[in-house]
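Residue numbers (numbering that gives the first Met the number 0): 0 to 302. Structure first, then comments.
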Amino acid sequence: MSRRGILAAMAGAMLPTFRSAEPARPIVIGSKSDTEGALLGNLISAVLERLGFTVERRLGLGPTLIVRSALLAGEIDLYPEYTGNVAFFTGTETDPGWKSSESAYDLALRLDAARGLVWLRRAPANNTWLVAVQGRLARERGLATMLDFAGAVRADLIRLAASTEFVESPAALPSFEAAYGFTLPLSRIISLPSGDTAVTARAAAEGISGVNAGMVYGTDGALAALDLAVMSDPKGAQIVYEPAPVIRAATLERHPEIRSALDHVFARLDADTLRRLNAAITVEGRTAAAVSGEWLAGEASHP
């Protein structure tokens, strides 16, 4: 891309001015094989390259357990993860602390420290399971929260598209039902084998097969492009999943400047920003590297 050098130079303005000496080996950055993983992995890579590191990208490495195992084995140095996933890594998913942003981060920090891992600053964006309702229905009925959604279910107004996991996992739909006092009959659910929220969100927005609500994640790119109203979760029924770089403690000890550089970037990644950036990839068809580079350049104009 002809603008690459210009973007890299501009992006430097938002990063600390010091540089690291060239490390003896590359910093190996991994990511999961999903849109947001590619986006965040490219952001991390660009920031560290600006600090003067040689970076080896192993982006799209695989699903969560493969990338996590690679980190623990020392095959990669860091990757973007979500706080709530540590609940499942450690078998502590019933701990209510996972349902609060601050305590979920503190738990992730403490539990992973025992494994030689450090969580850097988390982004203020919760990529948890949520329900989105067709915009027209939400406006007509004043639906904004899961309390409102529960009332619409009791009025027999909802037909939901969701993954089988969302329907059956105690942490997902059953958790919403218990917290908000409703039961969505299976006859009102179209259950899909995959967790592709692009499909469930589009079905809700377009009324496919009578669907008017869909399972989504909090930072889905489709949410920025479709007429949907995301129901808020005021009772905190769901585990919090905020993204953050997770780095091997030994790597951070060798290169402590990594912390402040990545903290500065992740502090600016709120939910609206991530939805917009994800949409540029999934809806507009742009590459994660181009989207992340352009965003970093734009952020260079902010103090």
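Think of the CB as a built atom: it goes at the ideal place given N, C-alpha and C, for glycine as much as any other residue. Values in this document were obtained by computation on a predicted structure and should not be read as measured data.
Worksheet item: Where do the N-terminal and C-terminal ends of the beta strand (DSSP E) with Ser202 fall, by residue?
Response: Taking the sequence shown and counting its residues from 1, one reaches residue 202 at position 203. With the sequence shown as reference, residue 202 is identified as Ala, and Ser is not the correct amino acid for it. Taken as a continuous stretch (DSSP letters only), Ala202 belongs to no beta strand (DSSP E), being part of the alpha helix (DSSP H) at Thr196 to Glu205.
Practice prompt. Please say whether Val54 and Ile28 have beta carbons closer to each other than 8 Å?
Written response: Taking the sequence shown and counting its residues from 1, one reaches residue 28 at position 29. Taking the sequence shown and counting its residues from 1, one reaches residue 54 at position 55. Closer than 8 Å, so yes.
Discussion item. Beta-carbon within less than 8 Å of Val245's beta-carbon, same chain only, minus the 5 sequence neighbours each way: which residues are those?
Written reply: Here residue 245 refers to the residue found at position 246 when the sequence shown is read from its first residue. Closer than 8 Å at the Cβ level, and outside the excluded window around Val245, lie Leu70, Leu77, Tyr78, Pro79, Glu80, Asp111, Leu116, Val117, Trp118 and Leu119.
Discussion item. Suppose you measure from the CA of Leu268 to the CA of Glu293; what does that come to, to the nearest Å?
Written reply: The count along the sequence shown starts at 1 and reaches residue 268 at position 269. The count along the sequence shown starts at 1 and reaches residue 293 at position 294. Those two C-alpha atoms are separated by around 14 Å.
Discussion item. Across the stretch 204-212 and the stretch 131-151, are there enough close Cβ pairs to call them in contact, namely three or more that are closer than 8 Å?
Written reply: yes
Worksheet item: Given Ser1, which residues of its chain have a CB within under 7 Å of its CB, disregarding the five upstream and five downstream residues?
Response: Position 2 of the sequence shown holds residue 1. For Ser1, the predicted model reports a pLDDT of 34, less than 50, meaning its position is unreliable; a value from the coordinates is still stated below. Within the same chain, Ser1 has no close Cβ partners at all.
Worksheet item: Which word fits Ala154, buried or exposed, when buried means at least 16 other C-beta atoms lie within 10 angstroms of its C-beta?
Response: Locating residue 154 in the sequence shown gives position 155, counting from the first residue. Looking at its Cβ environment, which holds fewer than 16 other Cβ atoms inside 10 Å, Ala154 is exposed.
Worksheet entry | Rounded straight-line distance, which links the Cα of Thr163 to that of Ser193 | The count along the sequence shown starts at 1 and reaches residue 193 at position 194. The count along the sequence shown starts at 1 and reaches residue 163 at position 164. Each residue's Cα considered, the two are about 7 Å apart.
Item to complete: Confirm the yes/no value for this check: CB of Ala236, any heavy atom of the ligand FAD, distance under 7 Å.
Response: Questions concerning the ligand FAD fall outside what the structure shown contains, since it holds no ligand whatsoever.
Fill in: Where Asp219 falls, given that 16 or more other Cβ within 10 Å makes a residue buried
Your numbering for residue 219 matches position 220 in the sequence shown. The residue is buried, with at least 16 neighbouring Cβ atoms inside 10 Å.
Practice prompt. Note down the Cα distance separating Gly96 from Arg57, rounded to an integer number of angstroms.
Written response: For the purposes of this step, residue 96 is identified with residue 97 of the sequence shown, where counting begins at 1. For the purposes of this step, residue 57 is identified with residue 58 of the sequence shown, where counting begins at 1. Approximately 32 Å, taken between the alpha carbons.
Worksheet entry | Given Ala287 as reference, the closest of Pro25, Arg24, Ile26 and Ile43 once Cα atoms are compared | Residue 287 sits at position 288 when you count from the first residue of the sequence shown. Cα-wise, what sits closest to Ala287 is Ile43.
Practice prompt. Can you grab the Cα-Cα spacing for the pair Ser68 / Pro62, in whole Å?
Written response: In the sequence shown, counting from the first residue as 1, residue 68 sits at position 69. In the sequence shown, counting from the first residue as 1, residue 62 sits at position 63. Taking the straight line from one Cα to the other gives about 10 Å.
Discussion item. Tell me the rounded alpha-carbon separation between Leu156 and Pro173.
Written reply: By 1-based counting over the sequence shown, the position of residue 156 is 157. By 1-based counting over the sequence shown, the position of residue 173 is 174. Leu156 and Pro173: Cα-Cα distance of roughly 19 Å.
Item to complete: Please list, in chain order, all residues of the same chain as Ile238 whose beta carbon is under 8 Å from its beta carbon, the five residues on each side excluded.
Response: Here residue 238 corresponds to residue number 239 of the sequence shown, with the count starting at 1. Excluding positions up to five away in sequence, the list reads Gly83, Ala86, Glu92, Trp97, Lys98, Ala103, Thr127 and Ala170.
Worksheet item: Rounded C-beta distance between Leu129 and Val152? I'm assuming under 8 Å.
Response: In the sequence shown, the residue the question calls residue 129 occupies position 130. In the sequence shown, the residue the question calls residue 152 occupies position 153. At roughly 15 Å, the Cβ-Cβ gap does not stay under 8 Å, so Leu129 and Val152 are not in contact.
Worksheet entry | Contact under 8 Å by Cβ, Ala149 with Gly213 | Translated into the one-based positions of the sequence shown, residue 149 becomes position 150. Translated into the one-based positions of the sequence shown, residue 213 becomes position 214. Contact: no.
Discussion item. At the level of alpha carbons, what is the spacing between Phe175 and Asn41?
Written reply: Here residue 175 refers to the residue found at position 176 of the sequence shown. Here residue 41 refers to the residue found at position 42 of the sequence shown. Roughly 34 Å separates the two Cα atoms.
Worksheet item: When the Cα atoms are used, what is the spatial distance from Leu38 to Gly73?
Response: Here residue 38 is taken as the residue at index 39 of the sequence shown, counted from 1. Here residue 73 is taken as the residue at index 74 of the sequence shown, counted from 1. So the alpha carbons of these two residues sit roughly 22 Å apart.
Practice prompt. With a 10 Å radius around its C-beta and 16 neighbouring C-beta atoms as the bar for buried, classify Glu167 as buried or exposed.
Written response: Position 168 of the sequence shown, counting from 1, holds the residue named residue 167. Looking at its Cβ environment, which holds fewer than 16 other Cβ atoms inside 10 Å, Glu167 is exposed.
Practice prompt. Return the Cβ separation of Ala107 and Pro242 in integer angstroms, given the expectation that the two are a contact with Cβ distance under 8 Å.
Written response: Indexing the sequence shown from 1 puts residue 107 at position 108. Indexing the sequence shown from 1 puts residue 242 at position 243. About 11 Å; that fails the 8 Å criterion.
Practice prompt. Indicate the three-state DSSP secondary structure (helix, strand or coil) for Gly4 in the structure shown.
Written response: Here residue 4 corresponds to residue number 5 of the sequence shown, with the count starting at 1. Residue confidence is low: Gly4 scores 36 on pLDDT, short of 50, so the model does not pin down where it sits. Its coordinate-derived value is still stated next. Residue state, collapsed to three classes: helix.
Discussion item. Determine whether the beta carbon atoms of Met230 and Thr89 lie at a separation below 8 Å.
Written reply: Counted from its first residue, the sequence shown places residue 230 at position 231. Counted from its first residue, the sequence shown places residue 89 at position 90. Contact: no.
Item to complete: Quick one: residues in its chain with C-beta nearer than 6 Å to the C-beta of Ala20, no 5 flanking neighbours on either side, listed in chain order?
Response: Within the sequence shown, numbered from 1, the residue matching residue 20 stands at position 21. Unreliable positioning characterises Ala20 in this predicted model, as indicated by a pLDDT of 47, which lies under 50. The coordinate reading is nonetheless provided below. Nothing listed; no residue qualifies.
Worksheet entry | Residues near Leu47 by beta carbon distance below 6 Å, same chain, minus five either side | Within the sequence shown, the letter at position 48 stands for residue 47. Only Ile26 and Val54 meet the Cβ criterion.
Fill in: Whole alpha helix (DSSP H) elements within the stretch 28-83, 4-residue minimum
34-49 and 63-71
Worksheet item: In its own chain, which residues sit with a C-beta less than 8 Å from the C-beta of Asp94, not counting the 5 before and 5 after it?
Response: Within the sequence shown, residue 94 is the residue found at index 95, counting from 1. Closer than 8 Å at the Cβ level, and outside the excluded window around Asp94, lie Ala86 and Leu106.
Practice prompt. Using the Cα positions of Gly180 and Thr196, report the straight-line distance between them to the nearest angstrom.
Written response: Counting from 1 along the sequence shown, the entry for residue 180 is found at position 181. Counting from 1 along the sequence shown, the entry for residue 196 is found at position 197. In a straight line, the C-alpha of Gly180 is about 25 Å away from that of Thr196.
Worksheet item: Considering only residues of the stretch 161-196, which uninterrupted alpha helix (DSSP H) runs meet the minimum length of 4 residues and lie entirely inside it, listed in chain order?
Response: 163-167 and 172-179
Discussion item. Excluding the 5 residues flanking Pro22 on each side, which residues of the same chain have their C-beta closer than 8 Å to its C-beta?
Written reply: What you label residue 22 is simply residue 23 of the sequence shown in a count that begins at 1. With a pLDDT of 43 at Pro22, under the threshold of 50, the modelled position of that residue is not reliable, and the figure given next carries that caveat. The residues are Phe52, Thr53, Arg253 and His254.
Worksheet item: Quick one: Cα of Gly235 to Cα of Gly217, how far?
Response: In the sequence shown, residue 235 corresponds to position 236, counting from 1. In the sequence shown, residue 217 corresponds to position 218, counting from 1. The alpha-carbon atoms of Gly235 and Gly217 are separated by roughly 13 Å.
Discussion item. Is the separation between the beta-carbon of Leu50 and that of Ser32 shorter than 8 Å?
Written reply: The residue given as residue 50 occupies position 51 in the sequence shown. The residue given as residue 32 occupies position 33 in the sequence shown. Taking 8 Å as the Cβ cut-off, Leu50 and Ser32 do not qualify as a contacting pair.
Worksheet item: In this structure, does DSSP put Ser259 in helix, strand or coil?
Response: Within the sequence shown, the letter at position 260 stands for residue 259. Ser259 falls in the helix class under three-state DSSP.
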